[in-house]
Amino acid sequence: MKKSILAIAIFAITLISSTEISAQKFPKLDLSPLDAASYPSSYKISDKVVKVVYGRPQLKGRDLAKLAPNDKVWRTGANEAAEITFYKDVTFGGKAVKAGTYSLFTIPASEGDWTVILSTARNVWGSYFYKQDEDVVRVSGKISTSEKSIEAFSMLFDKNMTLKMGWENTVVSVSIALAGSED
Numbered sequence: 250m251k252k253s254i255l256a257i258a259i260f261a262i263t264l265i266s267s268t269e270i271s272a273q274k275f276p277k278l279d280l281s282p283l284d285a286a287s288y289p290s291s292y293k294i295s296d297k298v299v300k301v302v303y304g305r306p307q308l309k310g311r312d313l314a315k316l317a318p319n320d321k322v323w324r325t326g327a328n329e330a331a332e333i334t335f336y337k338d339v340t341f342g343g344k345a346v347k348a349g350t351y352s353l354f355t356i357p358a359s360e361g362d363w364t365v366i367l368s369t370a371r372n373v374w375g376s377y378f379y380k381q382d383e384d385v386v387r388v389s390g391k392i393s394t395s396e397k398s399i400e401a402f403s404m405l406f407d408k409n410m411t412l413k414m415g416w417e418n419t420v421v422s423v424s425i426a427l428a429g430s431e432d
C-alpha cells in the first residue's frame, strides 16, 4: 500500500512539474492586428488574382496626418509594410505589373491624390528602409471621402477589382485589371 501511495505521489509531482516546464506564454493580441483582403473575395473561389496582407492601426482619437504624415513614404498600415501578391499579370493604376509579391507603400497628400508605390523590397518593417530605386511602379491613388469615419485602417477590393484603402474619412482607390483587358 505504501508503494502505491509513493508511486502515485511521484507520478503527480512529475506530472505537475512537467506541465510547468512545457507551458507556453503566448503574447497578448497585437494592437494593430494583421488582416488580408483578396479578389475575388469569396472563400469559395480559390483562383485569386490579388491578395494584400497588412496591419490595421486604429485612430484612437489621433489625427490621420500624424499617423500617416503628408508627403512622406508610409508603410500603408502598421508594423511591417503591407505586402500585395498578384497571382497573374495585371495593370495597377494603368501600369503593367508582373505576377509576384511586392511591398505596398503610399505617400499621403494633404490635398489631391496620394502616391501608391509597389516595391521589390520584401519583409521590411515600416518604411524606415524604403529605397526609391526598388520601386516597380508609382501610381496615383484617387481620393474620395467616406461619409462615416473609419476607425481601423482597412483595405478591400470592390466588384471591379479596384483596391480601396480607407482610414478616418479618406478613401484611396487604385484600379486593377488583368493584363490585356480594359482598365
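So for the sequence shown, my numbering puts the first residue at 250; every next one is plus one.
Glycine included, C-beta positions come from ideal geometry on N, C-alpha and C.
Because the structure is a prediction, the values reported are computed rather than measured.
Burial state of residue i, where buried means 16 or more other Cβ atoms lie within 10 Å
i      : result
Gly390 : buried
Gly343 : exposed
Thr394 : exposed
Gly326 : buried
Residue from the options with nearest C-alpha to residue i
i      : options                        : result
Phe406 : Thr350, Ala314, Val301         : Val301
Gly375 : Leu316, Leu308, Glu417         : Leu316
Asp382 : Phe341, Ala428, Ile366, Ser253 : Ile366
Arg305 : Glu417, Glu332, Phe402         : Phe402
Ile333 : Val385, Ile259, Phe275         : Val385
Leu283 : Lys380, Leu427, Asn328         : Asn328
Pro289 : Thr411, Ala428, Gly429         : Thr411
CB of residue i within 8 Å of CB of residue j, strictly
i      : j      : result
Ile392 : Thr364 : no
Tyr336 : Val299 : yes
Ile356 : Lys321 : yes
Ile399 : Gly415 : yes
Leu308 : Glu396 : no
Ala331 : Tyr377 : no
Cα-Cα separation, residue i to residue j
i      : j      : result
Asp432 : Met404 : Confidence at Asp432 is low in this model, with a pLDDT of 48, below 50, so its placement is unreliable and no value can be given for it.
Arg324 : Gln273 : 32 Å
Ala370 : Leu280 : 25 Å
Val339 : Phe354 : 18 Å
Phe341 : Val388 : 8 Å
Asn372 : Ala286 : 18 Å
Lys297 : Val346 : 16 Å
Asn409 : Asp312 : 31 Å
Lys293 : Ser422 : 25 Å
Ser291 : Gly361 : 33 Å
Ser368 : Ala348 : 13 Å
Lys380 : Ser359 : 23 Å
(message) Going residue by residue through the segment 306-333, where are the continuous alpha helix (DSSP H) segments of at least 4 residues, counting only ones entirely within it?
(response) 313-316
(request) Kindly provide the ranges of any alpha helix (DSSP H) runs that are 4 or more residues long and lie completely inside the segment 362-418, ordered along the chain. (result) none
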